[in-house]
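In the numbering used here, the protein residues as written are 1 to 424.
Even for Gly, the Cβ is constructed at its ideal location relative to N, Cα and C.
I have placed the structure first, in the form of structure tokens, so that the comments after it can refer back to it.
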Ligand SMILES: NC(=O)c1ccc[n+]([C@@H]2O[C@H](COP(=O)([O-])OP(=O)(O)OC[C@H]3O[C@@H](n4cnc5c(N)ncnc54)[C@H](O)[C@@H]3O)[C@@H](O)[C@H]2O)c1
């Protein structure tokens with residue numbers, strides 16, 4: 001508890017976690033009186049796993065009809081969403097579903113969220129970007145994440161690529177949070193190492209970034225009576241700390257050995273705990289700059305976050321030293337000198353990013369030095385994230401972070417160089 005906190009905590013109405021937990025879903029759907037649903041997934045799951053058939057058969061046994069749409073794709077666009085809306089509405093021939101189920105990674109959950117919004121009216125998803133009218137009907141969503149993870153199963157938004165200007169846009173409303181988030185770690189056992197690494201570092205980024213973000217008491221809610229994000233508080237920080245500890249223990253293990261079930265389960269918890277933190281506290285510079293890097297380079301969501309994370313941590317040593325020390329200890333940094341421990345953490349995180357096979361500077365993503373000002377400007381343009389960065393001069397600090405991320409330079413590199421000189 002922190003006396004100054006202004007808590008506004010939002011989470012899925014039902015959070016179910018456990019290996020094999022998917023078997024509980026059909027009976028629960030019946031209990032909730034659902035009769036006809038849409039199952040959104042991608043072809044990996046229809047062609048290579050038994051889970052779609054299992055769900056459809058299980059639901060049918062409870063008297064529930066599930067229509068399957070397996071056109072999901074990584075990083076869904078607004079165009080894909082509008083095409084999916086048209087296809088599903090045509091297949092429904094005027095009828096409507098009473099719930100939507102997402103089986104897949106963050107991309108599929110986001111597509112399903114968007115469909116919850118567009119299916120009732122058939123309107124293009126672009127018309128909901130910015131503000132969703134209170135009278136807009138939104139279908140209830142059941143999220144079954146298969147990566148660990150984006151945490152989209154607990155957040156109020158869907159992130160879509162707008163092909164018109166190659167940026168990501170968000171449709172956001174607390175009513176888009178899944179009513180049921182069912183985390184069955186077995187769904188993640190088939191993730192290949194690249195997906196495991198990208199998703200896992202995304203979870204760690206969510207946990208760390210929300211742990212360090214602006215305090216709830218200083219967060220500008222823009223006068224919203226039902227804000228999606230409202231700054232960090234002791235409750236969100238509780239989940240963030242546990243998530244970071246789990247990532248420190250299990251992220252590398254799950255990447256190196258996908259059959260390590262303890263590590264898979266650990267990362268499933270890490271992902272949803274991170275979401276319970278950032279899904280109310282919100283995020284800031286890592287995601288803000290990563291969106292701009294992704295817009296420029298078309299690299300994955302997880303890897304663009306990963307490349308920025310060490311440099312943002314390094315830039316927060318003055319404002320968030322105590323929290324960085326807590327994280328450093330979780331990662332096994334044992335320097336007795338507190339300043340050295342805090343300075344070492346970004347270097348440890350950079351080593352982790354490199355060990356996960358992700359570039360550790362943005363030059364290696366193909367960003368040219370001449371593009372750095374534009375990159376900084378694009379990142380600052382994502383105002384909801386820039387204003388939550390807990391520093392006094394956000395534009396100057398963003399420019400410094402971007403320059404360091406291009407050079408691959410951390411303050412610890414200077415400390416280490418000094419030590420080497422002293423020894424020599
Ligand atoms: N709405 C939110 O709150 C939120 C938060 C973070 C990220 N996101 C979005 O999530 C997306 C990234 O999601 P992601 O990292 O989960 O990856 P993803 O959903 O984009 O999936 C990547 C690939 O992995 C495959 N895959 C997924 N699960 C698998 C499994 N169990 N076995 C084998 N293959 C599997 C998919 O078929 C796909 O080809 C981005 O588009 C990002 O913008 C949304």
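Alpha-carbon spacing of residue i relative to residue j, whole angstroms
i, j, result
"residue 387", "residue 284", "8 Å"
"residue 229", "residue 358", "29 Å"
"residue 125", "residue 111", "10 Å"
"residue 32", "residue 298", "41 Å"
"residue 173", "residue 417", "49 Å"
"residue 340", "residue 234", "27 Å"
"residue 249", "residue 263", "8 Å"
"residue 137", "residue 120", "7 Å"
"residue 350", "residue 409", "10 Å"
"residue 401", "residue 98", "46 Å"
"residue 169", "residue 182", "26 Å"
"residue 300", "residue 160", "13 Å"
"residue 217", "residue 280", "13 Å"
"residue 442", "residue 220", "In the structure as shown, the chain begins at 1 and stops at 424. Residue 442 is therefore absent and cannot be evaluated."
"residue 46", "residue 356", "29 Å"
"residue 270", "residue 94", "41 Å"
"residue 187", "residue 201", "18 Å"
"residue 394", "residue 317", "15 Å"
"residue 422", "residue 306", "32 Å"
"residue 14", "residue 30", "15 Å"
"residue 146", "residue 415", "41 Å"
"residue 338", "residue 383", "33 Å"
"residue 51", "residue 57", "10 Å"
"residue 352", "residue 252", "8 Å"
"residue 90", "residue 118", "13 Å"
"residue 256", "residue 193", "7 Å"
"residue 392", "residue 312", "15 Å"
"residue 122", "residue 131", "17 Å"
"residue 396", "residue 246", "33 Å"
"residue 372", "residue 304", "15 Å"
"residue 354", "residue 92", "47 Å"
Closest residue to residue i among the options (Cα-Cα distance)
i, options, result
"residue 189", "141, 258 and 416", "258"
"residue 116", "77, 39 and 60", "39"
"residue 425", "313, 196, 324 and 25", "The chain is shown only over 1 to 424; residue 425 falls outside these bounds and no answer can be derived."
"residue 390", "328, 412, 17 and 323", "323"
"residue 275", "50, 156, 318 and 398", "156"
"residue 102", "163, 372 and 179", "179"
"residue 24", "374, 54 and 272", "54"
"residue 16", "256, 1 and 268", "268"
"residue 6", "232, 342 and 245", "232"
"residue 82", "113, 236, 325 and 343", "113"
"residue 78", "108, 52, 66 and 56", "108"
"residue 370", "414, 337, 296 and 421", "296"
"residue 362", "415, 404, 334 and 346", "404"
"residue 236", "255, 105 and 272", "272"
"residue 225", "64, 134, 374 and 311", "134"
"residue 106", "127, 312 and 302", "302"
"residue 309", "288, 194 and 319", "288"
"residue 163", "374, 256, 76 and 407", "76"
"residue 167", "191, 129 and 1", "129"
"residue 152", "327, 199 and 244", "199"
"residue 18", "261, 368 and 413", "261"
"residue 176", "158, 150 and 64", "158"
Assumed close pair residue i, residue j - CB separation to whole angstroms, cut-off 8 Å
i, j, result
"residue 84", "residue 71", "6 Å"
"residue 348", "residue 331", "5 Å"
"residue 139", "residue 88", "In fact, because the Cβ distance is near 11 Å, the residues do not count as touching under 8 Å."
"residue 141", "residue 22", "So it is not a contact: roughly 16 Å between Cβ atoms."
"residue 282", "residue 360", "26 Å between Cβ atoms; not a contact."
"residue 154", "residue 11", "6 Å"
"residue 210", "residue 314", "Actually they are not in contact, since the Cβ atoms of residue 210 and residue 314 sit about 18 Å apart, beyond 8 Å."
"residue 68", "residue 41", "7 Å"
"residue 184", "residue 20", "7 Å"
"residue 333", "residue 344", "5 Å"
"residue 62", "residue 27", "6 Å"
Heavy atom of ligand 3 within 6 Å of residue i beta-carbon
i, result
"residue 191", "Looking at this structure, you won't find ligand 3 anywhere; what it does contain is ligand 1."
Inset, instruction - Starting from the N-terminal side, write out each stretch of the alpha helix (DSSP H) that is 4 residues or longer and does not extend beyond the stretch 7–35. - result: 25–31
Inset, instruction - May I ask you to verify whether the stretch 238–249 touches the stretch 196–208, counting CB pairs closer than 8 Å and requiring at least 3? - result: yes
Inset, instruction - Tell me the start and end of each unbroken alpha helix (DSSP H) in the stretch 350–399 that is at least 4 residues and wholly inside, in chain order. - result: 372–381 and 383–386
Inset, instruction - Go through the stretch 88–128 residue by residue and report every complete run of the alpha helix (DSSP H) that reaches 4 residues or more, in order. - result: 106–118
Inset, instruction - Decide yes or no for the touch test of the stretch 372–383 against the stretch 284–293: beta carbon pairs closer than 8 Å, at least 3 of them. - result: yes
Inset, instruction - Please list the segments of the alpha helix (DSSP H) lying wholly inside the stretch 192–263, counting only runs of 4 or more residues, in order along the chain. - result: 193–212 and 234–256
Inset, instruction - Scan the stretch 281–322 and note each continuous alpha helix (DSSP H) run of 4 residues or more that stays entirely inside, going in chain order. - result: 285–297 and 301–315
Legend entry - Entirely enclosed alpha helix (DSSP H) segments - the stretch 43–97, minimum 4 residues: 43–48, 51–61 and 78–92
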